[in-house]
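Participant: For the record, the sequence lines run as chains A, B and C.
If you use our numbering, the first sequence corresponds to residues 1 to 192, in order.
If you use our numbering, the second sequence corresponds to residues 1001 to 1369, in order.
If you use our numbering, the third sequence corresponds to residues 2001 to 2409, in order.
Yeah, the Cβ is synthetic: ideal placement off N, Cα and C, and Gly gets one too.
My structure is below; once you've seen it, I'll send some questions.
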Amino acid sequence: MRALGLDPVTDTRRAFAGLRTAMARPGTVQRLPAPADHAVLAALVDHEVCLSTPDQRLADAFSREGRLVAAAPPEADVVHAVGTPDWDPTDLNRGRLVEPSEGATAVYRVGTLADGTGDGTRDANSTDGAKTTVRVRGPGVPGERTATVGLPADHLRDLSRVGADYPRGIDAVFAMEDRVLALPRSVTMEVT
Amino acid sequence: MDPVKPTRTGVRTVSEPDHGENHASDGTTGEATDESGGTPVEAEDVDGALAALDGAGLAGYNYAYLDEHTKREVRRAVLKAIAIPGHQVPFASRPMPLARGWGTGGIQTTLSLLGPEDTLKVIDQGSDESVNAANIRRLAERTADVETTTDTTAADVIQTRHRIPEEVLDRDQVLVLQVPVTDPLRKVDPSDAANRRRHAHANYGKMWVHLYENVVEYGEIQVASRYPVTVAGRYLMDPSPIPRWDVPKLNDADNLFLFAAGREARIYAVPPHTDVEPLAFDDRPFQVERFDAPCEACGATDTYRTAVETDEGDRLVVCNDTSFCLKRREDAGLAKDHHLDRDGVDWGPGTPDADDTDQEPATNGGDRT
Amino acid sequence: MGYVAVTAGEELIERAADLFDAQRADDEPPVTLDQFDGQLARLTAQAMSEGGLYAPRLAALAVKQAQGDSVEAAFLLRAYRSTLERWDETEPVDPDELFATRRVSPAYKDVPGGQILGPTKDYTQRLLDFGLVDEGTVTDPTADWDIATDRDDGESGPEEPGHDEKDQRGRLTNVMQVLRDEGLVAPAGDPPTEEPVDTTREPVTHPPEREAVLQELARGETGAITALGYSALRGYGQVHPTLAEVRVGQLPVQVEHPYTSDQVRVTDTGVTETEAIVPVYEKRDDPQFAFGYGLTFGRNERKAIGMSVLDASIALKGSDEPAEDPEFVLDTVDAMDAFGFIEHLKLPHYVTFESILDRIRTLRDDDAEPPRAEAAEPPDATGSNESSIDTGSGGGPGETDSDGGEDGE
């Protein structure tokens, strides 16, 4: 992953450490090597998973290492979005009831990301002004947490709708600069 | 043999222990470029190349022994396991230099977690000194360059076989449990295919019937360890052969629990702050183990203890968590959350958890009819 | 006397390992790898076939290090294999390319190419040969054979692998193919268009694809395959085959040349191959026989034959018997999984044992005494803190639901 400026051993390990904490504590923000979405993908993607990404440079980097198996979003295991995607979360693969872990992981690069209501949030150069606050409850969350994500409310409502199909579902990772926040399918999201 | 030109696809490279990478297990060519962090060996033929690599020993292995492909496989499984608490996620378990059944799943998980700034503790039957724990610890120490400790409160990653430590685990710690049999339903059906369908539909009737028959025949639930629990209200889970004593610790903990089975090739997880409830009936509550005597060494009555038969023919009872027992010998009243800046933390028997009625043994009072 | 926890650790492990290695120190010259490879080749073949790694010298080393334990040797090979880089995958090879040193066809009295007995003692009496006790050197009883006149193709020169293979490779007609051409045996199915699943990379899911079954059987433990195959023949199953062929020989390993993209043969592996004709009709209308296939590294006929019986048994999809149940077979034949889990029982299990004892003691105590009205105080009163656990009463008579058999890891 040196083509992306990431060390294949240490940076992927740090990316995984941040990502697993983010998944285990949904709604918290964790630090990763930047850019965080690339770090997440470098940690997860190889020729055993199908990747959908709009980022051609990223696709080329994986391809040069023989690690790219490209697929359209509904068939992909890992779905990468830069800003608001043109697909709906309801289109993605939710896995089978007998094997729900086959459900996709959606990795979004967003312009806004914060735990809490987003006051004092650092915004990266966001392509759209979308900014939605969600309330999160469930495994990994003592009580309730709020998070603010740079995506339209409709998109996040769709994500929440997919969550109703638990244990089938998709697991969402939001990334901005050197930060990630994750909402696994196990949590319930209320879009405010 | 014809001379072999050292090419990006052709020559095995030697990797540096701290950031080299040999992609030992990828099936495709062309991977050698970016991912091998070592030095290509110039040689006229294969024998020459191999001779040059002689004596590389462990320097020939990637950081933390596993190649990056294996780590990705394990890491993907861990993340899905966290996202679906209690569900057994399949992963392509690799052969390890430990035998199957001896902790290969735990070791693959631990090695996929560790970084050089981490501190590792390994216990087996509650003891750091068990020979198998020592062997695992040595592999991690040498290949991941980590500090090791026997102090539960100082470890970032704890790999364990059959116990959860007595001291409360905190938010930054990860407990990796070694699992022999992943499916609680194995007791009622040996077929994994059938059991997976049961998990898919949350069809756990067969287990309830099994426990009910237990009660009808013997008066109480006679499950000793591997006590079945429901996780986040959905999946029935086998907590591994920890004693019943340790089961309450899984509920609403601050730390992450990872369960790994190398032979059965499954990983599952209980995130922090997750509901974990042992199966029981309203009138036959979940019971922990009871002991006849306090610990011979430190006097504890609130720890899980095991019996030791002495040469003189006596049976002594001692704390099973050896590192905590050593601390208690210095300080008899040491609380299980002594290292935290809050107290009253629920962590199974001997902590406020024990006030919940379902942790008390059933006081019969003669009302069994 | 006080209780002192035992600290073990590294030194103990090293000393135990030293004691193990000391068993080999017998004041005799060390056995060489050549000796294992040459004189004990059946043992090294078993290690290779169960380890899933064709490497005769490494197998010899593994067997030497394991002091003759073939499963331990296979374990060493598998652990080593998992650290090796994978450069490439071979091109699929047609078994007709096998250069056979042995080929028999039980189905027919004679077959094109002939019944080549090859190296075998199958038809001799199993009598201990005391002449081997004080062997000075290993004699080759074939040293004086007039090889040239033993060839029936009229050519002269020794028959060695690599010499005149093309001639032989085309001559040994595949008996199964003869039957398939007549429509008597069900076809093998279309050649796969996708890459085969690799069960060392992906976990096996049930029901398994045939390619996954064959891989697991090919790496299976010889004893397990033999026993389960025998169970089918013994009556716990429908498969009692006639073997079309048993072949032992050298199979070429072919890769795509990285520069020219030609198919090139880089080496040969010694294999044993079997095809079995199963007189069970796959279909009612247009009846055809079912079939089974077996292939192992090295010389191991009982495993190849056992494998073909199990392949056929599983393919028939009637799962009343163990040999026909793919989940049962695949769960039990892997040597590493089986020996690892069996031997793990040697690991300390006193935590779970204490838990089991708790259950039985509770029941036995209650059998001995009438239930007490109130939980008694703990028998000790020394410094017990508020959270001491009462020894209560409870429960009726009976047995512990023992989990002892499933502890481990």
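Considering only C-alpha positions, which residue in the set B:Arg1226, B:Cys1319, B:Val1247, B:Arg1163 is nearest to B:Asp1292?
Facilitator: That would be B:Cys1319, whose Cα lies nearest to the Cα of B:Asp1292.
Participant: Residues of chain B with CB closer than 7 Å to the CB of C:Glu2327, please, in chain order.
Facilitator: Neighbours of C:Glu2327 on chain B, chain order: Ser1191, Asp1192, Ala1193.
Participant: Taking B:Met1096 as the query, report the chain C residues whose CB atoms sit under 8 Å from its CB, ordered along the chain.
Facilitator: In chain order: Ala2079, Ser2082.
Participant: Indicate the three-state DSSP secondary structure (helix, strand or coil) for B:Thr1013 in the structure shown.
Facilitator: Summary for B:Thr1013: the model assigns pLDDT 29, below 50, so the residue's position carries little reliability; its value from the coordinates is reported in the next sentence. In this structure, B:Thr1013 counts as coil in the three-state DSSP scheme.
Participant: Where does A:Asp11 fall in DSSP's three states?
Facilitator: It is helical.
Participant: Answer with yes or no whether the minimum CB distance from A:Asp158 to chain B is below 8 Å.
Facilitator: So, not an interface residue.
Participant: Buried or exposed: B:Lys1249, going by 16 or more other Cβ atoms within 10 Å of its Cβ?
Facilitator: So B:Lys1249 counts as buried.
Participant: What number of angstroms, rounded off, separates the C-alpha of A:Pro200 from the C-alpha of A:Gly27?
Facilitator: What the structure shows of chain A is the stretch from 1 to 192, and residue 200 of chain A is not part of that stretch, so it cannot be assessed.
Participant: Could you pull out every residue in the same chain whose Cβ sits closer than 8 Å to the Cβ of B:Cys1325, ignoring the five residues on either side in sequence?
Facilitator: Around B:Cys1325: Cys1295, Ala1297, Cys1298, Ala1300, Thr1303, Val1318, Cys1319.
Participant: Rounded to the nearest angstrom, how far is the Cβ of B:Thr1322 from that of B:Asp1128, given a contact under 8 Å?
Facilitator: That belief holds up - the Cβ atoms of B:Thr1322 and B:Asp1128 are roughly 6 Å apart, short of 8 Å.
Participant: Should C:Ile2182 be labelled buried (16 or more other beta-carbon atoms within 10 Å of its own) or exposed?
Facilitator: For clarity, residue 2182 of chain C is Glu in the given sequence; the question names Ile instead. Answer is exposed; the Cβ neighbour count stays below 16.
Participant: Using the three-state DSSP reduction, which class does B:Cys1325 fall into: helix, strand or coil?
Facilitator: Reduced to three states, the DSSP call for B:Cys1325 is helix.
Participant: According to DSSP, simplified to helix, strand and coil, what is B:Asn1195?
Facilitator: Looking at B:Asn1195 - three-state DSSP - the assignment turns out to be helix.
Participant: Compute the distance between the beta-carbons of A:Glu48 and B:Glu1073, then report whether it is under 8 Å.
Facilitator: Closer than 8 Å, so yes.
Participant: Quick one: residues in its chain with C-beta nearer than 6 Å to the C-beta of B:Pro1241, no 5 flanking neighbours on either side, listed in chain order?
Facilitator: Excluding sequence neighbours, B:Pro1241 sits near His1162, Ser1225, Arg1226.
Participant: Output yes if chain A places a C-beta closer than 8 Å to the C-beta of B:His1339; else output no.
Facilitator: Chain A, which has no Cβ nearer than 8 Å to the Cβ of B:His1339, makes this no.
Participant: If I'm right that C:Leu2033 touches C:Ala2060 with Cβ under 8 Å, what's the distance once you round it to whole angstroms?
Facilitator: With 8 Å as the limit, C:Leu2033 and C:Ala2060 qualify as a contact, their Cβ atoms being about 4 Å apart.
Participant: According to DSSP, is C:Leu2295 helix, strand or coil?
Facilitator: It is a strand residue.
Participant: Does any residue of chain B bring its CB to less than 8 Å from the CB of A:Arg185?
Facilitator: Answer yes: the Cβ-Cβ gap between A:Arg185 and chain B drops below 8 Å somewhere.
Participant: Determine which residues of the region 16-28 of chain A have a Cβ less than 9 Å from any Cβ of chain B, and write them out in chain order.
Facilitator: Residues passing the 9 Å Cβ filter: Phe16, Ala17, Leu19, Arg20, Thr21, Met23, Ala24, Arg25, Pro26.
Participant: Looking only at its chain, what residues have a beta carbon closer than 7 Å to the beta carbon of C:Ser2105, apart from the 5 residues adjacent to it on each side?
Facilitator: The answer, listed in chain order, is Val2111, Gln2115, Val2175, Ala2244, Glu2245.
Participant: I want to see whether chain C comes within less than 8 Å of B:Glu1289, judged by CB atoms only; does it?
Facilitator: Output row for B:Glu1289: interface = yes.
Participant: For the region 2308-2318 of chain C and the region 2041-2050 of chain C, state whether three or more C-beta atom pairs, one from each stretch, are separated by less than 8 Å.
Facilitator: Contact fails: fewer than three Cβ-Cβ distances are below 8 Å.
Participant: A:Leu68 lies in the alpha helix (DSSP H); which residues open and close that run?
Facilitator: Counting along the chain, A:Leu68 falls outside any alpha helix (DSSP H), and DSSP gives it neither H nor E.
Participant: Assuming B:Ala1133 is part of the alpha helix (DSSP H), what are its boundary residues?
Facilitator: B:Ala1133 -> alpha helix (DSSP H) spans 1131-1144.
Participant: Pairs of beta-carbons, one from the region 2218-2228 of chain C and one from the region 2290-2304 of chain C, closer than 8 Å: are there three or more?
Facilitator: A contact exists between the region 2218-2228 of chain C and the region 2290-2304 of chain C.
Participant: Extract the residue ranges of the beta strand (DSSP E) inside the region 1214-1254 of chain B, only unbroken runs of 3 or more that lie entirely within it.
Facilitator: The qualifying runs are 1229-1231, 1235-1237.
Participant: From this set, A:Tyr108, A:Gly138, A:Thr133, which residue's C-alpha is nearest A:Asp209's C-alpha?
Facilitator: The question about residue 209 of chain A has no answer, for chain A in this structure spans 1 to 192.
Participant: Can you tell me where the beta strand (DSSP E) with B:Val1181 in it begins and where it stops?
Facilitator: Run containing B:Val1181: none; DSSP gives neither H nor E here.
Participant: If you draw a straight line from the C-alpha of B:Asn1135 to the C-alpha of B:Leu1236, how long is it?
Facilitator: Spanning the two alpha carbons is a distance of roughly 32 Å.
Participant: What separation, rounded to the nearest whole angstrom, lies between the Cα atoms of C:Gly2113 and B:Arg1186?
Facilitator: The straight-line gap from Cα to Cα measures roughly 52 Å.
Participant: For C:Ser2384 and B:Gln1222, what's the separation of their Cα atoms in angstroms?
Facilitator: A caution first: C:Ser2384 carries a pLDDT of 37, below 50, which makes its placement in the model unreliable, though a value can still be read off. Distance between the alpha carbons of C:Ser2384 and B:Gln1222: 28 Å.
Participant: Do C:Val2309 and C:Phe2291 count as a contact pair if the criterion is CB distance below 8 Å?
Facilitator: No.
Participant: By Cβ distance, which residues of its chain are closer than 8 Å to A:Thr21, with the 5 residues on each side in sequence left out?
Facilitator: Within the same chain, A:Thr21 has close Cβ partners Thr28, Gln30.
Participant: By the three-class DSSP mapping on this structure, what secondary structure does C:Ser2261 have?
Facilitator: DSSP places C:Ser2261 in coil when its eight states are reduced to three.
Participant: Can you tell me whether C:Tyr2281 is buried or exposed, with buried defined as 16 or more other CB within 10 angstroms of its CB?
Facilitator: Answer is exposed; the Cβ neighbour count stays below 16.
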